[in-house]
Every structure is written in structure tokens, then in C-alpha cells.
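Colleague: To get the numbering used here, take the position in the sequence shown, counting from 1, and add 2.
Once you've had a glance at the structure underneath, I'll fire off some questions.
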Amino acid sequence: MSSPNQTATKRNLKPLWIGLAFALLIIITFLPNNGDLPIAGQRALAILAFAVILWVTEAVSYPVSSAMIIALVTVLLGLAPSMDDPATELGTAGALKLSLSGFSNSAVALVAAALFLAAAMQITNLHKRLALWILSLVGTKTKAIVFGAILVSIALAFFVPSATARAGAVVPILLGMVAAFGLPRDSRLAALLVITSVQAVSIWNIGIKTAAAQNMVALNFIQEQFNVDISWGAWLLYAAPFSIIMSVALFFIMIALIKPETSNIEGGKEVIKKQLSELGPLKAPEIRLIITSIVLLFFWATEGKLHPFDTTTVTIIAIAILLMPKIGVYSWKEVEPHIPWGTIIVFAVGIMLGTILLKTEGASWLSDKVFGSLGLDTMPILATIALVTLFNILIHLGFASATSLASALIPVFIVLASTLTTNVDQVGFVIVQQFVISFGFLLPISAPQNMLAYGTGAFTTKDFLKSGIPLTIIGFLLILLFSATYWKWIGLL
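Structural data, given as C-alpha cells:
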């Protein structure tokens, strides 16, 4: 734990990071421009540098940084030459329209709807009931509970489109089982179970399209640039086999690396039964939510096959039903406090910033500077994927938000994909890198669900890293193996 003095020192660094962000913004904005990059693109890159500093250091909260980014886009791009007519300025009115464009994006509507769905699970406690039910089936042996924790994360990923909500459902239950055995919260058993559950959450952020907001960022950019829609079922076909193998690897890594104090939790079964009995029998709102969720899952899985409705449309319809009196599960007053409105703002601003980078040619300039000197356009595609994946994993070390990382990197990867002369599907290349963006395995700060679990005090950063290093290595090798085999066979690459 940090001492008060250490905490104070950490807080005192925030003005320094804010100052650095503004310094970078000013320097990049006024650097000499030799004409190989539009002025609007140069200013978009300056805003990106500003955003990255704030995102990485968390000198201000993500919603606050989003408001600052909107203001900067409005002013700096408003006073820059228009991309359509360089002889005239875009104007602040035009730039403001551009800076708010993310809020009208269908991907933002899907994320907002997903948060309402996650809130329905929390309000009715259905996610907790599902987690308890699965854990009640696996038994009391430690290995079985590790398997159960992974299974719960997989099951919840289909129905709870929020990684933090999934972790928030499972972690307290596992800690309750540890307490029932009389072990402290910082025991090896607690570390084993809690780390397993949150690593599984990250793994299944990859496996299911609607499991994570960052997937929506990538798919939005892909739809805009390539006019290609990736259905829920297609994503599952591409990513689920990868996540299944990673889940198996996680099971063996965890039972090999963290040795618990006991191999059997004698009181675990009773704890689960007690918590299930406290929930009581299935209530009417839970039954209605189960029916709605199953129907929603059916429509997601059959998108483009049995009906013409896209993922966003059917999810919004489901939320409208859940909000209706008598047949729904909650009122607006009940659900409003459960919605992280800041997440929706951050998501919209991230999409806006990425779109501006593409439109102003800032992303193409950045891609050329970062990857152009490596000669990736002439390399075999597997070598290209290996290098870009490694870059992606390393840069993730500085980001606490995969959504922000996707906003910064996916536009660059889209441009990079368009420059590759090797025989590769450009959309597939970008999707594979989006899978890697969800690699939040290494540090507690690598993902919000990791931080939620870390806040319980059940494990140390060293414990997390011990599991994260082998998981990341296996994930990297699997990306290469799947790129050379399965993804080629099914036409993704």
C-alpha cells in the first residue's frame, strides 16, 4: 500500500503532466510544416499527443479530458485551412460540428445500450445468480473453482456487455468463498481465484463482439473506411476459438503458478447455497430479463442470416422493452444512477478523434513515420503481423483504457493495412490488431476490470505479472499461429 506521502507526491505530479500535455500540443501545432501533411492533420496529431499524455497519466479523468479534446478540436481545427478548400478556414462552427460528430455515431448508441443492459443485470442481480449457479455446479476443489471462475466469465460475456460489470459480479463471490474457509483476503487462494476471473474477462473481451467497448471503436472505423459490417456471428467465428484456447492456457498457467493454501474449499458450497437462498426464487423482472437476453442473443447470432436488423438496432429495441412499464425490468429513475455516462462521452470523443486523424491525413502521416522505415510493405505478412502485434502489446503498457488505445491506434492500423502490398485482407489485418488491443494481461493498470480486482487487495502487481507474462507470450504466439492457419482458412486474412 502507498503511504500518504507517496500519494501526495503522486497527486502533485498531475499539474506537471497537464503542463507537458499542453507543451506538446503547442510545440507540434507550431512546428514548421513543409507541406507533406495538411495543417489540419498536423493539428489533429498535436491534439492526439495531448490526449495520449492525459490518457496514459490520468492527470485528469477521462470525461474531463474528453471535454478538453472537444474544445481543442473546435478551436485548432476551426482556425485551420479546410481540407475541402485550403484557401478558406473550416471555421469554429464547422469544427464544433466535427468535434461532436462522435455522439451521433451508431457505435456510441450500441455502447450506451450495452451499458443499459449491464445495468439491468446489476439491478435484478441476474448476473450474480448466474455466476453462483455455475459455481455451485463445479464443486469445492480448488482446481474446479478455478475452472468455474473461467466458465462464469465466459457465460457472462454473452449477456453482460461490460467487462467491469462482469468482474464486479464474480470477484465478490470468490472472495466470499475464500472468507468462508477462514483465509484472509490477501491469501494465495484469493490471488489465484481473483486473478483467474479478471484474466478470463480480458480473454473474452476478444472472443465476443459485444463484450467490450473497444471492439465497437474498431468496427466503427472499419465500417467507415471499408464499408464492411462485421456481424456478431462472424466475430464469434473469428475470435471465439482463439479465446477458448487462451482460456485453457489460463487454467493451466494459474494452477501451476499460484499454489493455494488448500486444495479443497470445504465451506465454499455452503457459501454459494447461502447466497443463492438470499437471492430467493427467480423474480418476475429476472424472468423477463432472461427472455429478453436470450431473444437478443438469438438476434445477434443470426444477424444478416435470418433477419435484416444490425446489432445496434436490436440492442436499442431490447433496452426500450426493458424500460417499458409492466413488461420491462426497471424505470428510468432506477437505471440512471447505474449508467457510467462518462464512458459514453469518452467513447464518442475517441471515435471523433480517430475519424479526424483519418480525414485530415494525420493517421497516414503517423503510420508512415512509425512503420514506413521498417519496410513492412515488402515483408511477408506473418512478419508484418508479428512486428505490429509486438508494437501493439508494448504500447498497451502505457494505457489504462483499451477504448482510448483503439481510438489512437486503429486509424493508424487502417492506413498501414492499405499500404501493404502483400496479399492480405485489409479488414482482417485491422481486426487481428483489435484482438491484440484487448490484451490487458500484464499489469493491473492495463484494464479497468484489473484495477477493480486489484482494489480488493487480494493480490500484488507481481502476482498479476506472473500470470500476465506467460498469457501475453501465448497470446502473441497464437496470433501468429492463427494468422498462418485458421484465419487464412476461413478467409479473415
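Glycine is no exception: its CB is placed at the ideal position from the N, C-alpha and C atoms.
Could you have a look at Pro262 and say whether DSSP puts it in helix, strand or coil?
Modeller: Position 260 of the sequence shown, counting from 1, holds the residue named residue 262. In the structure shown, Pro262 sits in coil (DSSP, three-state: anything other than H, G, I, E or B).
Colleague: Please classify Glu280 as buried or exposed, where buried requires at least 16 other C-beta atoms within 10 Å of its C-beta.
Modeller: For this step, residue 280 is matched to residue 278 along the sequence shown. Label assigned to Glu280: exposed.
Colleague: Give the DSSP-derived three-state secondary structure of Pro6 in the structure shown.
Modeller: Here residue 6 refers to the residue found at position 4 of the sequence shown. Confidence in Pro6 is poor, its pLDDT being 48 and thus under 50, which makes the residue's placement too unreliable to answer from.
Colleague: Which complete alpha helix (DSSP H) runs does the segment 242 to 321 hold, if anything under 4 residues is left out?
Modeller: List check, alpha helix (DSSP H) in window: 270 to 281 and 286 to 303.
Colleague: How should Gln8 be labelled, buried or exposed, when 16 other C-beta atoms within 10 angstroms of its C-beta is the threshold for buried?
Modeller: Numbered from its first residue, the sequence shown carries residue 8 at position 6. At Gln8 the pLDDT is 48, less than 50, meaning the model places this residue with poor confidence and gives no usable figure here.
Colleague: Straight-line CA distance for Thr386 to Gly377?
Modeller: Taking the sequence shown and counting its residues from 1, one reaches residue 386 at position 384. Taking the sequence shown and counting its residues from 1, one reaches residue 377 at position 375. Cα to Cα, the separation comes out at about 9 Å.
Colleague: Under a three-way DSSP split, which group does Lys143 fall into?
Modeller: Translated into positions along the sequence shown, residue 143 becomes position 141. Of the three classes helix, strand and coil, the one that applies to Lys143 here is strand, per DSSP.
Colleague: Gln428 and Ser420 - do their beta-carbons sit closer together than 8 Å?
Modeller: The residue given as residue 420 occupies position 418 in the sequence shown. The residue given as residue 428 occupies position 426 in the sequence shown. The answer is yes: Cβ separation under 8 Å.
Colleague: Between the alpha carbons of Asp86 and Lys361, how many angstroms are there, rounded?
Modeller: Working through the sequence shown from its first residue, we reach residue 86 at position 84. Working through the sequence shown from its first residue, we reach residue 361 at position 359. Answer to the nearest angstrom: the Cα atoms are 10 Å apart.
Colleague: Please confirm whether Ala169 and Val200 have their CB atoms less than 8 Å apart.
Modeller: Position 167 of the sequence shown, counted from the first residue, corresponds to residue 169. Position 198 of the sequence shown, counted from the first residue, corresponds to residue 200. Yes, these two residues count as a Cβ contact at 8 Å.
Colleague: With a CB to CB cut of under 6 Å and the five nearest residues on each side skipped, what residues in its chain are close to Thr315?
Modeller: Along the sequence shown, one-based indexing puts residue 315 at 313. Result list for Thr315: empty, nothing under 6 Å.
Colleague: What separation, rounded to the nearest whole angstrom, lies between the Cα atoms of Gly459 and Phe443?
Modeller: Stepping through the sequence shown from its first residue, residue 459 is reached at position 457. Stepping through the sequence shown from its first residue, residue 443 is reached at position 441. Looking at the two C-alpha atoms, the distance is approximately 18 Å.
Colleague: Cutting at 8 Å between CB atoms, please list the residues of its own chain near Trp491, excluding the five before and the five after it.
Modeller: Taking the sequence shown and counting its residues from 1, one reaches residue 491 at position 489. No residues qualify anywhere along the chain.
Colleague: If Leu355 sits next to Ala25, beta carbons under 8 Å apart, how far is it from one beta carbon to the other, in whole angstroms?
Modeller: Position 353 of the sequence shown, counted from the first residue, corresponds to residue 355. Position 23 of the sequence shown, counted from the first residue, corresponds to residue 25. Contact doesn't hold; Cβ gap of about 19 Å is too wide.
Colleague: Verify whether the separation of the beta carbon atoms of Glu363 and Leu81 is less than 8 Å.
Modeller: Taking the first residue of the sequence shown as position 1, residue 363 is located at position 361. Taking the first residue of the sequence shown as position 1, residue 81 is located at position 79. Going by C-beta atoms, Glu363 is not nearer than 8 Å to Leu81.
Colleague: Run through the DSSP bridge pairs and tell me what Pro450 is partnered with.
Modeller: Along the sequence shown, read from residue 1 onward, the residue named residue 450 stands at position 448. None, per the DSSP bridge assignment.
Colleague: If you follow the alpha helix (DSSP H) that Lys490 is part of, which residue opens it and which one closes it?
Modeller: The count along the sequence shown starts at 1 and reaches residue 490 at position 488. Per DSSP, Lys490 belongs to the alpha helix (DSSP H) from Tyr488 to Trp491.
Colleague: Note down the Cα distance separating Ser233 from Ala157, rounded to an integer number of angstroms.
Modeller: Translated into the one-based positions of the sequence shown, residue 233 becomes position 231. Translated into the one-based positions of the sequence shown, residue 157 becomes position 155. So the two alpha carbons sit approximately 20 Å from each other.
Colleague: In the DSSP assignment, the alpha helix (DSSP H) including Glu363 goes from what residue to what residue?
Modeller: As a first step, residue 363 must be located in the sequence shown, where it is residue number 361. Taken as a continuous stretch (DSSP letters only), Glu363 belongs to no alpha helix (DSSP H), as it is neither H nor E.
Colleague: Should Lys261 be labelled buried (16 or more other beta-carbon atoms within 10 Å of its own) or exposed?
Modeller: By one-based count along the sequence shown, residue 261 stands at place 259. Flag for Lys261 reads exposed.
Colleague: Would you call Ser249 buried or exposed, if buried means 16 or more other Cβ atoms sit within 10 Å of its Cβ?
Modeller: As a working note, residue 249 is residue 247 in the sequence shown. It counts as buried.
Colleague: Does DSSP put Pro83 in a helix, in a strand, or in coil?
Modeller: Taking the sequence shown and counting its residues from 1, one reaches residue 83 at position 81. In the structure shown, Pro83 sits in a strand (DSSP, three-state: E or B).
Colleague: Is there contact between the segment 143 to 157 and the segment 380 to 398, where contact requires at least three CB pairs shorter than 8 Å?
Modeller: Too few Cβ pairs lie closer than 8 Å, so no.
Colleague: Following a CB-centred definition, is Thr391 positioned closer than 7 Å to any heavy atom of the ligand COA?
Modeller: This structure does not include the ligand COA; it has no bound ligands of any sort.
Colleague: Could you check what DSSP says for Glu91 in three-state terms: helix, strand or coil?
Modeller: Looking up residue 91 in the sequence shown gives position 89. DSSP places Glu91 in strand when its eight states are reduced to three.
Colleague: Rounded to whole angstroms, what is the Cα-Cα separation between Thr126 and Arg290?
Modeller: As a position in the sequence shown, residue 126 is number 124, starting the count at 1. As a position in the sequence shown, residue 290 is number 288, starting the count at 1. C-alpha separation (whole angstroms): 10 Å.
Colleague: Which term fits Leu396, buried or exposed, when burial requires 16 or more other beta carbons within 10 angstroms of its beta carbon?
Modeller: Position 394 of the sequence shown, counted from the first residue, corresponds to residue 396. Flag for Leu396 reads exposed.
Colleague: Mark Phe32 as exposed unless 16 or more other C-beta atoms lie within 10 angstroms of its C-beta, in which case mark it buried.
Modeller: In the sequence shown, counting from the first residue as 1, residue 32 sits at position 30. So Phe32 ends up on the exposed side.
Colleague: Below 8 Å CB to CB, which residues in the same chain sit around Ala486 once its five sequence neighbours on both sides are set aside?
Modeller: Along the sequence shown, read from residue 1 onward, the residue named residue 486 stands at position 484. Same-chain partners within the cutoff: Leu384.
Colleague: Is Lys143 close to chain B, meaning its C-beta is less than 8 Å from at least one C-beta of that chain?
Modeller: Among the chains in the structure shown there is no chain B, since it carries only a single protein chain.
Colleague: Three or more C-beta pairs under 8 Å: does that hold for the segment 184 to 192 against the segment 460 to 477?
Modeller: Contact between the segment 184 to 192 and the segment 460 to 477 is present, because at least three Cβ pairs lie under 8 Å.
Colleague: Could you spell out where the alpha helix (DSSP H) holding Lys335 opens and where it closes?
Modeller: In the sequence shown, the residue the question calls residue 335 occupies position 333. Counting along the chain, the alpha helix (DSSP H) containing Lys335 begins and ends at Trp334 to Val337.
Colleague: What residue from Ile323, Ile208 and Val180 has the CA that sits closest to Asn266's CA?
Modeller: Locating residue 266 in the sequence shown gives position 264, where the first residue counts as 1. Measuring from the Cα of Asn266, the nearest candidate turns out to be Val180.
Colleague: Thinking Ile243 and Tyr488 are a contact (beta carbons under 8 Å), I'd like their distance in whole angstroms, please.
Modeller: Within the sequence shown, numbered from 1, the residue matching residue 243 stands at position 241. Within the sequence shown, numbered from 1, the residue matching residue 488 stands at position 486. Here residue 243 turns out to be Pro, not Ile, going by the sequence shown. Yes, they are in contact, since the Cβ atoms of Pro243 and Tyr488 sit about 6 Å apart, within 8 Å.
Colleague: Output yes or no for whether 8 Å exceeds the beta carbon distance between Ala408 and Val113.
Modeller: Walking along the sequence shown from the start, residue 408 turns up at place 406. Walking along the sequence shown from the start, residue 113 turns up at place 111. Cβ distance not < 8 Å, so Ala408 and Val113 don't count as in contact.
Colleague: Short of 7 Å in beta carbon distance, which residues of its chain neighbour Ile447, apart from the five on each side in sequence? Order them along the chain.
Modeller: To locate residue 447, count along the sequence shown from 1; it is residue 445. Closer than 7 Å at the Cβ level, and outside the excluded window around Ile447, lie Ala402 and Met453.
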